[in-house]
Ligand code: CO
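Numbering (the working numbering), first residue to last: 18 to 475.
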């Protein structure tokens with residue numbers, strides 16, 4: 018069987034290991050080789066890359082995408098899109114979502130992996146629809162989690178729902194790397210029985226389960242997996258591309274990957290890895306195996322956030338209590354998957370409940386909006402007593418939150434007429450207003466400096 022390999026070095030590996038700080042200039046020299054390696058796709062944009070380009074790297078994210086496309090002409094480019102949230106944390110109106118997708122296609126994006134943190138597919142419908150309209154590839158995504166209400170039937174139903182929506186492929190996203198090999202086998206089997214579409218699996222090496230989970234998934238008929246070139250693989254990143262390629266070929270599968278190209282790619286990234294470690298950008302700790310997530314059933318990133326929060330409030334001795342409170346909060350909220358923004362919401366609330374000595378004495382603004390239904394429908398039932406306590410007689414909305422939002426692209430474009438050069442700038446501004454504005458200003462200043470410099474040179 019042909020197993021499709023997506024290379025994540027430019028996006029998820031970059032994001033998971035070095036907080037997405039890899040500048041374009043660091044990887045520009047390897048793009049043509051990446052294009053020749055035989056990958057199914059190259060995940061290179063979306064997620065935190067957009068924010069990081071503007072905030073830390075002084076790069077225009079759109080220009081980055083276009084420059085990648087200029088050198089990667091054959092391999093499909095892939096991005097991660099958070100449905101109605103695009104790349105941020107709030108819900109945007111439909112016209113903005115459509116405009117963002119359309120512009121991304123125009124700038125070179127081929128495959129849109131689209132997810133919603135609650136698996137409320139009403140929140141990905143518009144993005145999927147626009148992707149298909151633009152003749153690009155829509156990959157519908159299911160966020161994987163375990164709970165008393167999540168079972169194989171539920172996941173199979175989700176797959177069916179995505180298929181009915183018209184997506185081209187389906188991805189199971191195990192953002193925390195907690196999916197075990199047998200779970201993967203059963204899940205892929207169940208999905209394969211319920212849908213005809215190709216199924217992809219995304220996991221991380223955090224807990225060390227990644228590679229074995231992939232192998233069992235493939236045994237169950239999984240069509241594609243996400244890997245990272247070995248020098249930037251493992252730990253919080255993905256399992257290594259070369260390792261999986263080797264193992265899969267040994268098992269009689271084909272991957273279409275070119276071993277020599279993989280060697281060149283790895284040789285290219287090796288010195289960069291050393292550079293990131295010696296500059297302090299990469300903490301060697303994140304490369305190791307971290308099994309606490311299996312014990313506590315919370316993602317590794319969330320665990321370190323909880324510890325940081327408690328330390329900052331001089332209450333680290335409460336960690337055990339907070340870890341016991343976390344699953345209770347998650348249950349009260351209807352078992353949301355612990356992915357951004359739900360992992361933060363649940364964690365902050367668990368800390369607040371423990372530190373106040375009374376549950377839900379203090380409730381964050383985010384939890385309030387969640388209870389109002391503004392993030393979408395919870396997977397399970399939200400504790401009615403909690404809803405009553407926080408919302409009193411206010412009724413939560415049941416319709417899609419974006420239906421309550423007015424179109425805003427044209428309004429914002431008009432407002433920005435002096436600082437935005439084009440629609441791409443407008444979209445950057447809508448995604449990250451203050452950061453984009455600062456970026457535009459500095460870009461302007463750099464341009465002025467360059468002109469002055471050229472004149473002086475003459
Ligand atoms: Co990931």
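Built from N, CA and C at the ideal position, the CB exists for glycine as well.
Requested in this report: Would you mind working out which of 172, 456, 99, 51 sits nearest residue 207, comparing C-alpha positions?
Outcome: Position 190 of the chain shown, counting from 1, holds the residue named residue 207. Here the closest residue by C-alpha is 172.
Query raised in the report: Can you round the beta-carbon distance between residue 120 and residue 441 to whole angstroms, since I take them to be within the 8 Å contact cut?
Result: Residue numbering aside, residue 120 sits at position 103 when the chain shown is read from its first letter. Residue numbering aside, residue 441 sits at position 424 when the chain shown is read from its first letter. Right, their Cβ atoms sit about 6 Å apart.
Query raised in the report: Using the beta-carbon count (16 or more within 10 Å), is residue 283 buried or exposed?
Result: By 1-based counting over the chain shown, the position of residue 283 is 266. With 16 or more other Cβ atoms within 10 Å, it is buried.
Query raised in the report: Applying the criterion that 16 or more other CB atoms from any shown protein chain within 10 Å of the CB defines a buried residue, is residue 396 buried or exposed?
Result: If you number the chain shown from 1, residue 396 lands on position 379. Per the 10 Å Cβ criterion, buried.
Query raised in the report: Whose CB is closer than 6 Å to a heavy atom of the ligand CO? List the residues in chain order.
Result: Output, sorted by chain position: 29, 192, 219, 221.
Requested in this report: Return the first residue and the last residue of the beta strand (DSSP E) that residue 370 is part of.
Outcome: Numbered from 1 along the chain shown, position 353 holds the residue referred to as residue 370. Careful: residue 370 lies outside any beta strand (DSSP E), inside the alpha helix (DSSP H) at 359-373.
Query raised in the report: Any idea if residue 453 is buried or exposed, counting beta-carbon neighbours within 10 angstroms, 16 or more meaning buried?
Result: Taking the chain shown and counting its residues from 1, one reaches residue 453 at position 436. For residue 453, the number of other beta carbons within 10 angstroms of its own is at least 16, and it is reported as buried.
Query raised in the report: Anyone know if the C-beta pair for residue 63 and residue 98 falls short of 9 Å?
Result: To locate residue 63, count along the chain shown from 1; it is residue 46. To locate residue 98, count along the chain shown from 1; it is residue 81. In this structure, residue 98 lies closer than 9 Å to residue 63 by Cβ.
Query raised in the report: Is residue 167 closer than 9 Å to residue 352 when the C-beta atoms are compared?
Result: On the chain shown, position 335 is the one that residue 352 refers to. On the chain shown, position 150 is the one that residue 167 refers to. Taking the C-beta atoms as reference points, residue 167 is found nearer than 9 Å to residue 352.
Requested in this report: Kindly indicate the opening and closing residues of the beta strand (DSSP E) around residue 21.
Outcome: Counted from its first residue, the chain shown places residue 21 at position 4. Here the beta strand (DSSP E) through residue 21 covers 21-24.
Report task. Please specify which runs of the beta strand (DSSP E), each continuous and at least 3 residues long, are wholly inside the segment 103-160, giving them in chain order. Result -> Taking only runs of at least 3 residues, the beta strand (DSSP E) segments lying wholly in the segment 103-160 are 128-131, 154-160.
Query raised in the report: Between residue 209 and the rest of its own chain, which residues show a CB-CB distance below 6 Å, the 5 nearest in sequence each way excluded?
Result: As a working mapping, residue 209 is identified with position 192 in the chain shown. Excluding residues within five positions, the ones whose Cβ falls inside 6 Å are 238.
Requested in this report: Could you spell out where the alpha helix (DSSP H) holding residue 388 opens and where it closes?
Outcome: Walking along the chain shown from the start, residue 388 turns up at place 371. Its alpha helix (DSSP H) spans residues 382-388.
Query raised in the report: Residues in its own chain within less than 7 Å of residue 398 by CB, not counting five upstream and five downstream?
Result: What you label residue 398 is simply residue 381 of the chain shown in a count that begins at 1. Answer for residue 398: 351, listed in chain order.
Report task. Less than 8 Å between the CB atoms is what I'm expecting for residue 58 and residue 128, so what's the real figure, rounded? Result -> The residue given as residue 58 occupies position 41 in the chain shown. The residue given as residue 128 occupies position 111 in the chain shown. So it is a contact: roughly 5 Å between Cβ atoms.
Report task. Output the residue ranges of the beta strand (DSSP E) runs that lie fully inside the segment 189-261 and measure 3 residues or longer, sorted by chain position. Result -> The DSSP assignment places 216-219, 241-244 as complete runs of the beta strand (DSSP E) inside the segment 189-261, in order along the chain (cut-off: 3 residues).
Report task. Could you tell me whether the segment 266-286 touches the segment 179-197, using the rule of 3 or more Cβ pairs below 8 Å? Result -> Taking 8 Å as the limit for Cβ pairs, the verdict is that the segment 179-197 does not touch the segment 266-286.
Query raised in the report: Of the choices 354, 448, 429, whose alpha-carbon is the least far from that of residue 135?
Result: In the chain shown, counting from the first residue as 1, residue 135 sits at position 118. Nearest C-alpha to residue 135: 354.
Query raised in the report: residue 343 by DSSP, collapsed to three states: which one?
Result: In the chain shown, residue 343 corresponds to position 326, counting from 1. Helix at residue 343.
Query raised in the report: How about residue 407 and residue 422: do their beta carbons lie closer than 9 Å?
Result: Here residue 407 refers to the residue found at position 390 when the chain shown is read from its first residue. Here residue 422 refers to the residue found at position 405 when the chain shown is read from its first residue. One thing to note: residue 407 has its Cβ no nearer than 9 Å to the Cβ of residue 422.
Query - Per DSSP, the bridge partner or partners of residue 63 - result: Indexing the chain shown from 1 puts residue 63 at position 46. Answer by DSSP bridge pairing, in chain order: 97.
**Report entry** Nearest to residue 101 (by Cα), restricted to the options 67, 111, 93, 367
**Finding:** Indexing the chain shown from 1 puts residue 101 at position 84. Selected option, being the one with the closest Cα: 111.
Query raised in the report: Helix or strand or just coil, what does DSSP make of residue 187?
Result: Stepping through the chain shown from its first residue, residue 187 is reached at position 170. Judged by DSSP in its simplified three-state form, residue 187 adopts strand.
Requested in this report: Compare the C-alpha of residue 348 against each of 307, 402, 336 and name the closest.
Outcome: Position 331 of the chain shown holds residue 348. The closest CA to that of residue 348, considering only 307, 402, 336, is found on 402.
Report task. Name the residue from 180, 345, 107 whose alpha carbon lies nearest to the alpha carbon of residue 400. Result -> To locate residue 400, count along the chain shown from 1; it is residue 383. The option with the nearest alpha carbon to residue 400 is 345.
Report task. Spell out a yes or no on whether the segment 151-162 and the segment 414-428 are touching, meaning 3 or more CB-CB pairs, one atom from each, closer than 8 Å. Result -> No, the segment 151-162 does not touch the segment 414-428.
Query raised in the report: Considering residue 174, what are the terminal residues of the alpha helix (DSSP H) in which it resides?
Result: Translated into the one-based positions of the chain shown, residue 174 becomes position 157. Looking at the DSSP string, the run of the alpha helix (DSSP H) that includes residue 174 is 169-182.
Report task. Please confirm whether residue 214 and residue 185 have their CB atoms less than 9 Å apart. Result -> Position 197 of the chain shown, counted from the first residue, corresponds to residue 214. Position 168 of the chain shown, counted from the first residue, corresponds to residue 185. In this structure, residue 185 lies closer than 9 Å to residue 214 by Cβ.
Query raised in the report: When DSSP labels each residue in this structure, what does residue 271 get in the three-state scheme?
Result: Reading the chain shown from its first residue, position 254 is the one you call residue 271. Here residue 271 sits in strand by DSSP.
Query raised in the report: Leaving out the 5 sequence neighbours to the left and right, which residues in its chain are closer than 6 Å to residue 133 when beta-carbon positions are compared?
Result: Along the chain shown, read from residue 1 onward, the residue named residue 133 stands at position 116. Around residue 133: 100, 140, 141.
**Report entry** Same chain, Cβ closer than 8 Å to residue 333, five either side skipped, listed in chain order
**Finding:** Sequence index remark: in the chain shown, residue 333 carries index 316 (1-based). The answer, listed in chain order, is 324, 327.
Query raised in the report: By a C-beta neighbour count over all protein chains shown, 10 Å radius and 16 as the cutoff for buried, is residue 46 buried or exposed?
Result: The residue given as residue 46 occupies position 29 in the chain shown. It is exposed - the Cβ of residue 46 has fewer than 16 other Cβ atoms within 10 Å.
Query raised in the report: What separation, rounded to the nearest whole angstrom, lies between the Cα atoms of residue 266 and residue 426?
Result: Residue 266 sits at position 249 when you count from the first residue of the chain shown. Residue 426 sits at position 409 when you count from the first residue of the chain shown. The alpha-carbon atoms of residue 266 and residue 426 are separated by roughly 49 Å.
Query raised in the report: Using the beta-carbon count (16 or more within 10 Å), is residue 370 buried or exposed?
Result: Residue mapping note: residue 370 aligns to position 353 of the chain shown, counting from 1. With 16 or more Cβ atoms within 10 Å of its Cβ, residue 370 is classed as buried.
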